[in-house]
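Q:
2 protein chains.
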Amino acid sequence: MAVGSGQLPTLHPVAGFKIGIASAGIKKPGRLDLVIMQVAEGSAVAAVFTKNAFCAAPVQLAKQHLRAQTPLFLVTNTGNANAGTGAAGLANAQLTCEKLAHLANASVQSILPFSTGVIGEPLPVEKITNALPAGLADLREDNWLQAAHGIMTTDTRPKATSVQIDLDGKRVTITGISKGAGMIKPNMATMLGYVATDAAVQQDVLQQIIERAVNRSFNRITIDGDTSTNDSCVLVATGHARNATIDSVSHPLFEKFYSAVEKVFVELAQAIIRDGEGATKFVTINVQDGANEKENLLVAYAVAESPLVKTALFASDPNWGRILAAVGRAGVENLDVNLISVHINNVLIAEHGGRAPTYTEQQGADALAAEEITISINLSRGDVDTTVWTTDFSHDYVTINAEYRT
Amino acid sequence: MAVGSGQLPTLHPVAGFKIGIASAGIKKPGRLDLVIMQVAEGSAVAAVFTKNAFCAAPVQLAKQHLRAQTPLFLVTNTGNANAGTGAAGLANAQLTCEKLAHLANASVQSILPFSTGVIGEPLPVEKITNALPAGLADLREDNWLQAAHGIMTTDTRPKATSVQIDLDGKRVTITGISKGAGMIKPNMATMLGYVATDAAVQQDVLQQIIERAVNRSFNRITIDGDTSTNDSCVLVATGHARNATIDSVSHPLFEKFYSAVEKVFVELAQAIIRDGEGATKFVTINVQDGANEKENLLVAYAVAESPLVKTALFASDPNWGRILAAVGRAGVENLDVNLISVHINNVLIAEHGGRAPTYTEQQGADALAAEEITISINLSRGDVDTTVWTTDFSHDYVTINAEYRT
Chain A
0 MAVGSGQLPT LHPVAGFKIG IASAGIKKPG RLDLVIMQVA EGSAVAAVFT
50 KNAFCAAPVQ LAKQHLRAQT PLFLVTNTGN ANAGTGAAGL ANAQLTCEKL
100 AHLANASVQS ILPFSTGVIG EPLPVEKITN ALPAGLADLR EDNWLQAAHG
150 IMTTDTRPKA TSVQIDLDGK RVTITGISKG AGMIKPNMAT MLGYVATDAA
200 VQQDVLQQII ERAVNRSFNR ITIDGDTSTN DSCVLVATGH ARNATIDSVS
250 HPLFEKFYSA VEKVFVELAQ AIIRDGEGAT KFVTINVQDG ANEKENLLVA
300 YAVAESPLVK TALFASDPNW GRILAAVGRA GVENLDVNLI SVHINNVLIA
350 EHGGRAPTYT EQQGADALAA EEITISINLS RGDVDTTVWT TDFSHDYVTI
400 NAEYRT
Chain C
0 MAVGSGQLPT LHPVAGFKIG IASAGIKKPG RLDLVIMQVA EGSAVAAVFT
50 KNAFCAAPVQ LAKQHLRAQT PLFLVTNTGN ANAGTGAAGL ANAQLTCEKL
100 AHLANASVQS ILPFSTGVIG EPLPVEKITN ALPAGLADLR EDNWLQAAHG
150 IMTTDTRPKA TSVQIDLDGK RVTITGISKG AGMIKPNMAT MLGYVATDAA
200 VQQDVLQQII ERAVNRSFNR ITIDGDTSTN DSCVLVATGH ARNATIDSVS
250 HPLFEKFYSA VEKVFVELAQ AIIRDGEGAT KFVTINVQDG ANEKENLLVA
300 YAVAESPLVK TALFASDPNW GRILAAVGRA GVENLDVNLI SVHINNVLIA
350 EHGGRAPTYT EQQGADALAA EEITISINLS RGDVDTTVWT TDFSHDYVTI
400 NAEYRT
């Protein structure tokens, strides 16, 4: 199950960023499960990683390598997360990098490894290293769609988007892919997200851009509240578009470029929710007029992760009492419930601590019949608005997660 | 579905505490849905209530009345929570108290109202007040079992326990009942819990006892992480056993009495978990050797409320990777994952950041085959142990909550 058509736009190649896909046969023979990305020399590369203390071996190694030098290759396998694998897992991630470094005539530290799939199984490293030559042979700039397929696990469809903007008289492209369908409450990034642009951006500015954009996209989605061990997100800027280099956040090109990047990140993050495990609804939770972002997020996530709210959404049941109960337990200090109003889409359902006098069950049922729903919660205690995106909880969610070994 | 036999022990009457049950026909004609409890003059009464900001009208009123004087009557209806009902809800709770006060020739403030059931529907107050005379006529000391039935909503069975101890040469009885099966992560108390004893205990000591006992029982259970709007728990001490009054926490009788009370509270709290909506497993999460209770609770609840862990438990799948992932995202500062070990029952499943070398899938499957499971997580960073209790997430959980309007 998934929400929306899932139709992808044209994925524009990014000059200076090549992708090769191969089949290593990690879980199933013949499945595309290995993706190599080559970053042109002179690019800036920024990344963010999971904050889960049990972060996977490739995450640990990628963070080390990123501190040492600008990466030239990103190598991703699916089918095995190489997480909860201890010292042997680190050695296997290291070996993958060494083999690729040797084949590509690059330094080991110029390679960032990524893994996604089952946790706690030994990485079949030989299958991966055997497939590296095929991946390298496939490197080309117009391989984004295949890469979106190549990083899928329980995803039912590829997730990708692409925009082009005019920057300083140059046409700049931003293209990205993402994957993830369960264990989704990113705390840094999604399971995996890769975005590349040919814009020229200075390294430290690119890092600020990815952090800000992730904070408004991948860090604002939740399917089940479970932050993964492998979340990683990378933003590459090759500079091949030859715009005036964006070298500070006050650069005249910054805002336009940042807006386009954020749009790509938000689309990729939303695509993960639309394809959430067992999802039948795409739900936007919009907390308005809060005192600050922190309390807005407490409220938004209390509602978004409430199993009772999520099962009511699955049933298309306008059970506003469960929404109020979730808001009430969110942990906001001195919350005056009499000031709060709740809308589903444009329908006012609750205010002054109870059901709105104008509200009818039919209105609620009509609003919830749609696949895409917005729940707006106005706290009336400030001027900060915050949005998160989530899904419902269906029988399929239980079936998928009682059967699939993450 | 429910875990265990649910067989109840003999419920000893408590001298000075009478119970009357009636049928008000709130949701279904003929169902026992109204319970009146009469507290003998001279008793001490302590109570704790939900911390949900959207607390129900009866909770607001009960707190007010409790501050004003020692209660003489507790009146509970099921079938309607009188929550999210605004000013009209408060007026209805007030009216219930006024009618009972008139019939019983007591002051309005001597009555504590309690409601449980659907949120957001107007309280059918006339049905309740019409049934009050029948409830009063039924008052007697040996009505505990009927009361346990009378406070049920989606509960599949009554929850009650009773112990007797010798205190100061007197036989002291402690008997209690509870209810709750969904919207269960009490933050003060369960949906509803009533415990009475004939011990003589001073009011302020009784309040300390209920707070400590609730903190180790009802506040340590979670089914779905959803704290209710109506959680309330009351402990009554009639003093009819005529023991030397326990007037401080250093009184020689305190520890023995407190232990017996805590035992009753823990049994009532566990009974709620065993009857959790859709529950097929009773799971004890035991966090050991943490630095403090706060971080232990972060870890325990991250595991207990992880939908991925809960669906794996439903599938009897020893998916230890999901347990590690939940521990890792719990938010404990400077967590060294290499020091952590995880057992299921007596089976060591993970240590040093990965699967234990001695562990086999067969061991894990055997451990999870039982209805009652203990997951022990040793953090090796202190000497504090903390236990919480929870259930799995089953198809029935989704079915029940997609169909029932709380």
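Each protein sequence line maps, in turn, to chains A and C.
So in numbering that gives the first Met the number 0, the last one in the first sequence is 405, and the numbering has no gaps at all.
So in numbering that gives the first Met the number 0, the last one in the second sequence is 405, and the numbering has no gaps at all.
Beta carbons are placed, not taken as given, at the ideal position from N, Cα and C, and that holds for glycine.
Where does Y396/C fall in DSSP's three states?
A: Taking the second sequence and counting its residues from 1, the one referred to as residue 396/C is at position 397. Note: Y396/C maps to helix in three-state DSSP.
Q: State the start and end residues of the unbroken beta strand (DSSP E) segment that holds D165/C.
A: On the second sequence, position 166 is the one that residue 165/C refers to. Here the beta strand (DSSP E) through D165/C covers K158 to L166.
Q: Would S258/C be called buried (16 or more neighbouring beta carbons within 10 Å of its own) or exposed?
A: Taking the second sequence and counting its residues from 1, one reaches residue 258/C at position 259. Looking at its Cβ environment, which holds fewer than 16 other Cβ atoms inside 10 Å, S258/C is exposed.
Q: Report the neighbours of N411/A on chain C: residues whose CB is nearer than 7 Å to its CB, in chain order.
A: No answer is possible for residue 411/A: the residues shown for chain A start at 0 and end at 405.
Q: Could you check where the beta strand (DSSP E) with D288/C kicks off and where it finishes?
A: By one-based count along the second sequence, residue 288/C stands at place 289. Residues F281 to G289.
Q: Flag this pair as yes or no: are the beta carbons of T172/A and V13/A separated by less than 8 Å?
A: Indexing the first sequence from 1 puts residue 172/A at position 173. Indexing the first sequence from 1 puts residue 13/A at position 14. Cβ atoms of T172/A and V13/A: closer than 8 Å.
Q: Can you tell me which of the three DSSP states N337/C falls into?
A: In the second sequence, the residue the question calls residue 337/C occupies position 338. N337/C falls in the helix class under three-state DSSP.
Q: Looking at chain E, which residues of the region 345-374 of chain A have a Cβ within less than 9 Å of any of its Cβ atoms?
A: Chain labels in this structure do not include chain E; the protein chains are A and C.
Q: How about L323/A: is its C-beta nearer than 8 Å to some C-beta of chain C?
A: Start at 1 with the first residue of the first sequence, and residue 323/A comes out as number 324. Yes, L323/A counts as interfacial toward chain C.
Q: Taking 7 Å as the limit between beta carbons, can you name the residues of its chain near A368/C, skipping five residues before and five after?
A: The residue given as residue 368/C occupies position 369 in the second sequence. Result list for A368/C: S315, in chain order.
Q: With a floor of 4 residues, list each alpha helix (DSSP H) that falls wholly inside the region 195-248 of chain A, ordered by position along the chain.
A: List check, alpha helix (DSSP H) in window: 202-214.
Q: I need the boundaries of the beta strand (DSSP E) containing P112/C, first residue and last residue.
A: In the second sequence, counting from the first residue as 1, residue 112/C sits at position 113. P112/C -> beta strand (DSSP E) spans I110 to V117.
Q: Can you pull the chain A residues whose beta carbon is under 8 Å from the beta carbon of W319/C, in chain order?
A: Taking the first residue of the second sequence as position 1, residue 319/C is located at position 320. Neighbours of W319/C on chain A, chain order: G83 and G119.
Q: Against chain A, does V397/C count as a neighbour if the rule is that its beta carbon must be under 8 Å from one of theirs?
A: Position 398 of the second sequence, counted from the first residue, corresponds to residue 397/C. Closer than 8 Å: yes.
Q: In three-state terms, what does DSSP make of L122/A?
A: On the first sequence, position 123 is the one that residue 122/A refers to. Coil.
Q: Check the DSSP bridge columns for N76/A and list the partner residues they point to.
A: The residue given as residue 76/A occupies position 77 in the first sequence. DSSP lists L33/A and S114/A as partners of N76/A.
Q: Work out the CA separation of T155/A and K27/A for me, nearest whole Å.
A: The residue labelled residue 27/A in the question sits at position 28 within the first sequence. The residue labelled residue 155/A in the question sits at position 156 within the first sequence. The alpha-carbon atoms of K27/A and T155/A are separated by roughly 16 Å.
Q: Taking CB distances under 8 Å as the criterion, tell me whether F281/C reaches chain A.
A: The residue you call residue 281/C lines up with position 282 of the second sequence. Cβ-Cβ to chain A under 8 Å: no for F281/C.
Q: Does the beta carbon of L338/A come closer than 8 Å to any beta carbon on chain C?
A: Within the first sequence, numbered from 1, the residue matching residue 338/A stands at position 339. For L338/A, the answer is no, since every Cβ of chain C falls outside 8 Å of its Cβ.
Q: Relative to the C-alpha of W143/C, which candidate in I348/C, V204/C, L131/C and K178/C has its C-alpha closest?
A: Along the second sequence, read from residue 1 onward, the residue named residue 143/C stands at position 144. Answer by Cα proximity: K178/C.
Q: Given a threshold of 16 other Cβ atoms within 10 Å of its Cβ, counted over all protein chains shown, does E120/C qualify as buried or as exposed?
A: As a first step, residue 120/C is located in the second sequence; it is residue number 121 there, counting from the start. By the 10 Å Cβ count, E120/C comes out buried.
Q: Out of N344/A, S379/A, N291/A and T228/A, which has the shortest C-alpha to C-alpha gap to G83/A?
A: Counted from its first residue, the first sequence places residue 83/A at position 84. For G83/A, the nearest C-alpha among the options comes from T228/A.
Q: Would a check of beta-carbon distances place F72/C closer than 8 Å to chain A?
A: Residue 72/C sits at position 73 when you count from the first residue of the second sequence. Taking Cβ atoms only, chain A never reaches closer than 8 Å to F72/C, which makes this a no.
Q: Compile a chain-ordered list of the residues in the region 78-109 of chain A whose CB is closer than 9 Å to at least one CB of chain C.
A: Answer in chain order: A80, A82, G83, T84, G85, A86, A87 and G88.
Q: Give me the Cα-Cα distance between Q269/A and A290/C, rounded to the nearest whole angstrom.
A: Taking the first residue of the first sequence as 1, we reach residue 269/A at position 270. Taking the first residue of the second sequence as 1, we reach residue 290/C at position 291. Distance between the alpha carbons of Q269/A and A290/C is about 38 Å.
Q: How many angstroms separate the CA atom of G5/A from the CA atom of A159/A?
A: Sequence index remark: in the first sequence, residue 5/A carries index 6 (1-based). Sequence index remark: in the first sequence, residue 159/A carries index 160 (1-based). So the alpha carbons of these two residues sit roughly 10 Å apart.
Q: Residues in its own chain within less than 8 Å of N129/A by CB, not counting five upstream and five downstream?
A: Here residue 129/A is taken as the residue at index 130 of the first sequence, counted from 1. If we look at N129/A and ignore the five residues flanking it on each side, its Cβ neighbours are A23.
Q: Taking C-beta pairs closer than 7 Å, name the residues in chain A that T228/C reaches, listed in chain order.
A: In the second sequence, residue 228/C corresponds to position 229, counting from 1. The contacting residues are A324 and G327.
Q: I'd like the span of the beta strand (DSSP E) that includes F16/C, first residue to last.
A: For the purposes of this step, residue 16/C is taken as the residue at position 17 of the second sequence. Taken as a continuous stretch (DSSP letters only), the beta strand (DSSP E) holding F16/C covers F16 to A21.
Q: For chain A, find out if any of its Cβ atoms is closer than 8 Å to the Cβ of V2/C; answer yes or no.
A: For the purposes of this step, residue 2/C is taken as the residue at position 3 of the second sequence. No, its Cβ sits nowhere closer than 8 Å to a Cβ of chain A.
Q: When Cβ atoms are compared, which residues of the region 146-178 of chain C fall closer than 9 Å to chain A?
A: Within the region 146-178 of chain C, no residue has a Cβ that lies closer than 9 Å to any Cβ of chain A.
Q: Would you mind stating whether K98/C and I25/C have Cβ atoms separated by less than 8 Å?
A: Counting from one through the second sequence, the residue named residue 98/C turns up at place 99. Counting from one through the second sequence, the residue named residue 25/C turns up at place 26. No, the pair does not count as a contact, with Cβ atoms beyond the cut-off.
Q: Taking Cβ positions, are A136/A and G19/A nearer each other than 8 Å?
A: In the first sequence, counting from the first residue as 1, residue 136/A sits at position 137. In the first sequence, counting from the first residue as 1, residue 19/A sits at position 20. The answer is yes: Cβ separation under 8 Å.
Q: Check the Cβ of A140/C against every Cβ in chain A and list those closer than 7 Å, keeping chain order.
A: In the second sequence, residue 140/C corresponds to position 141, counting from 1. The sequence given here has Glu at residue 140/C, not Ala. Simply none; closest approach about 35 Å.
Q: May I have the straight-line CA-CA distance separating N337/C from D288/C, to the nearest angstrom?
A: For the purposes of this step, residue 337/C is taken as residue 338 along the second sequence, with counting starting at 1. For the purposes of this step, residue 288/C is taken as residue 289 along the second sequence, with counting starting at 1. One C-alpha to the other measures close to 14 Å.
Q: Grab me the residues of D384/C's own chain with a C-beta within less than 6 Å of its C-beta, minus the 5 sequence neighbours each way, in chain order.
A: Residue numbering aside, residue 384/C sits at position 385 when the second sequence is read from its first letter. Within the same chain, D384/C has close Cβ partners Q287.
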